[in-house]
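Structure first, then comments.
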Amino acid sequence: MTVVDFRLPDMGEGVMEGEIVQWFVQAGDSVAEDDPLVEVMTDKATVTIGAPYQGTVERLFVEVGQVAKVGQLLLRLARSGEGDAPAATAVGHIATELPGASLFGPNPQGADEAKKAGEISYFEDRPLATPATRGLARELGVDLRKVPPSGAGGRVTADDVRASAPASSPDESRTPLREERTPILGLRRTIAKRMHRSKTTAAHFTFVEECDASALVAMRARLAPEAERQGTRVTYLPFVIKAVADALRHHPMLNSAVDEQTNELVLKKYYNIGGATATDAGLVVPVVHDADRRSHIEVAERLSSLSEAARDGSLQASDFRDSTFTITSLGKQSGLLATPILNHPEVGILGIHRIKERPIVRDGEIVIGRVMLLSLSFDHRVVDGHVGAAFAYDVIETLENPRRPLFE
969 MTVVDFRLPD MGEGVMEGEI VQWFVQAGDS VAEDDPLVEV MTDKATVTIG
1019 APYQGTVERL FVEVGQVAKV GQLLLRLARS GEGDAPAATA VGHIATELPG
1069 ASLFGPNPQG ADEAKKAGEI SYFEDRPLAT PATRGLAREL GVDLRKVPPS
1119 GAGGRVTADD VRASAPASSP DESRTPLREE RTPILGLRRT IAKRMHRSKT
1169 TAAHFTFVEE CDASALVAMR ARLAPEAERQ GTRVTYLPFV IKAVADALRH
1219 HPMLNSAVDE QTNELVLKKY YNIGGATATD AGLVVPVVHD ADRRSHIEVA
1269 ERLSSLSEAA RDGSLQASDF RDSTFTITSL GKQSGLLATP ILNHPEVGIL
1319 GIHRIKERPI VRDGEIVIGR VMLLSLSFDH RVVDGHVGAA FAYDVIETLE
1369 NPRRPLFE
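Quick note, this note's numbering runs 968 ahead of the 1-based positions in the sequence shown.
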């Protein structure tokens, strides 16, 4: 038997460190080749690292919530079987996907264990759940392996965990907790770090203007049947993405990024528009690549597939890569204005508000119009006020006077 130190592997994409989200093993556990060892969150995605060979876990060196550097010792594994000893930096199986998910399927051995236990009606040795759901399970004292899943793809949801939580004793129910502490882990910690970096690095300024979306509403109504015949539901977001991509061509400074390491401004010659999307794990920004080359229906199809992947946890690392400008839809509870935070290292972001009926002046007459407010934030280190305003009015001009050829 050979004892080997297992270290955090180089996962590429410039990743230098990762947060330990969950251990699938503990000291004394026996593992087979490709069994999941640990789930690690990086700035790019979450990866599940599997065992490179059969053996027994001797010791874990990093706790959940801690950040490990590439090459740092994670665990010590006693290898079983014959063969030469592997290098101390052996790389396990890596599977990238939405934070908290796992690509490992049901384990028949888990079912056998359930049968042996006799008292357990359900048992899954490797349950699928997001980091937030796993944290809730720890808080409520619930064993995720014994929770029947109701989510897409066999995923355990927060409601599943709550339904499986043990009932409180009478004394506990009469003594409500006045405070609750939850560790900031996984995707939420990554979001916090990125937002803090953006706010402390870029010099934010925000520009807000209203847009008469009456013509846009009419165009969507005309094009919706065509899209439905192709099996796609068109929202207003594809039109906004197309308008932004067109405006970026005329304002290249807005389609750039600041490289703080080299003190250079990087002008992008492609137009990849990120769309901020809320998931159970937190806010993610999947990307519509080459938005300028797609029709509005193709953009709508791409958005639909990304939204579905975000809900079922199948987004890939490539879905988040290489955005040049971000749009965030502020939804039904959008308020009057917002101050969006830049998606670092981008220099511009657009927040779109809900379209509402409001009185407007048109041809000297007060009429009821369909008004949408736009909130744009820019990096003032790169974008001057008049440049940001000119970009905003170009977007508004396109949305107020939509040209069908642009969207086709």
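Cβ coordinates follow ideal geometry from the N, Cα and C atoms, glycine included. Quantities reported herein were computed from a predicted structural model and do not represent experimental measurements.
Self-check item: Backbone secondary structure at Gly1033 - three-state DSSP
Solution: Assigned with DSSP and collapsed to three states, Gly1033 falls in coil, not helix or strand.
Practice problem: Specify the secondary structure class of Val924 as computed by DSSP and reduced to three states. | Solution: With the chain represented from 969 up to 1376, any question about residue 924 goes unanswered, as that position is not in the structure.
Quiz prompt | Beta-carbon proximity list for Glu985, same chain, < 6 angstroms, skipping 5 on both sides | solution = Counting only Cβ-Cβ distances below 6 angstroms, and skipping sequence neighbours, we find Val1035, Lys1037.
Quiz prompt | Rounded straight-line distance, which links the Cα of Leu1374 to that of Leu1403 | solution = The structure shown does not extend to residue 1403, since the chain is modelled only from 969 through 1376, so no value can be given for it.
Exercise. Could you spell out the range, first to last residue, of the alpha helix (DSSP H) harbouring His1354?
Key: Taken as a continuous stretch (DSSP letters only), the alpha helix (DSSP H) holding His1354 covers 1353 to 1368.
Practice problem: Tell me whether Ala1069 is buried or exposed, calling it buried when 16 or more other Cβ atoms sit within 10 Å of its Cβ. | Solution: Interpretation of Ala1069 is limited by its pLDDT of 33, a score under 50 that renders its predicted location unreliable; no figure is taken from the coordinates.
Quiz item: If we ignore side chains and look at the alpha-carbon of each, how far apart do Leu1153 and Val989 end up?
Solution: The C-alpha of Val989 is placed about 7 angstroms away from the C-alpha of Leu1153.
Quiz prompt | Arg1322 CB to nearest heavy atom of the ligand NAP below 7 angstroms | solution = This structure lacks the ligand NAP, and indeed carries no ligand of any kind.
Quiz item: Alpha carbon to alpha carbon, how far is Glu1178 from Arg1262?
Solution: Glu1178 and Arg1262 have their alpha carbons spaced roughly 26 angstroms apart.
Quiz prompt | Between the CA atoms of Thr1245 and Val1110 - distance to the nearest angstrom | solution = Just so you know, the alpha carbons of Val1110 and Thr1245 end up roughly 29 angstroms apart.
Quiz item: With DSSP run on the structure shown, which of helix, strand or coil describes Lys925?
Solution: Given that the chain is displayed from residue 969 to residue 1376, the structure contains no residue 925 and the question cannot be resolved.
Quiz item: In terms of DSSP beta bridges, what is Leu1041 paired with?
Solution: Secondary-structure assignment with DSSP links Leu1041 through a beta bridge to Arg975.
Quiz item: Do three or more CB pairs link the stretch 1354 to 1367 to the stretch 1211 to 1220 at distances below 8 angstroms?
Solution: Yes, since at least three Cβ pairs between the stretch 1354 to 1367 and the stretch 1211 to 1220 fall closer than 8 angstroms, the two stretches touch.
Quiz prompt | Distance between Val1252 and Asp1280 (C-alpha atoms, nearest Å) | solution = Near 13 angstroms, if we compare the C-alpha coordinates of Val1252 and Asp1280.
Quiz item: Span of the beta strand (DSSP E) holding Glu1178?
Solution: It spans 1172 to 1180 - the beta strand (DSSP E) in which Glu1178 sits, taken as one unbroken run.
Quiz item: Going straight from the alpha carbon of Val1355 to that of Leu1235, what length do you get?
Solution: Roughly 15 angstroms between the two C-alpha positions.
Quiz item: Given that a residue counts as buried once 16 or more other Cβ atoms are within 10 Å of its Cβ, and exposed if not, what is Asp1003?
Solution: Buried.
Quiz item: By Cβ distance below 6 angstroms, which residues in the same chain neighbour Leu1344 in space, the five residues on each side in sequence not counted?
Solution: These residues qualify, in order along the chain: Phe1175, Leu1318, Ala1360.
Quiz item: What's the gap between the Cα of His1164 and the Cα of Ala1097?
Solution: Taken atom to atom, the span from the alpha-carbon of His1164 to that of Ala1097 is near 27 angstroms.
Quiz prompt | Pro1327, buried or exposed, once every other Cβ within 10 Å from all chains shown has been counted against 16 | solution = Burial call: exposed.
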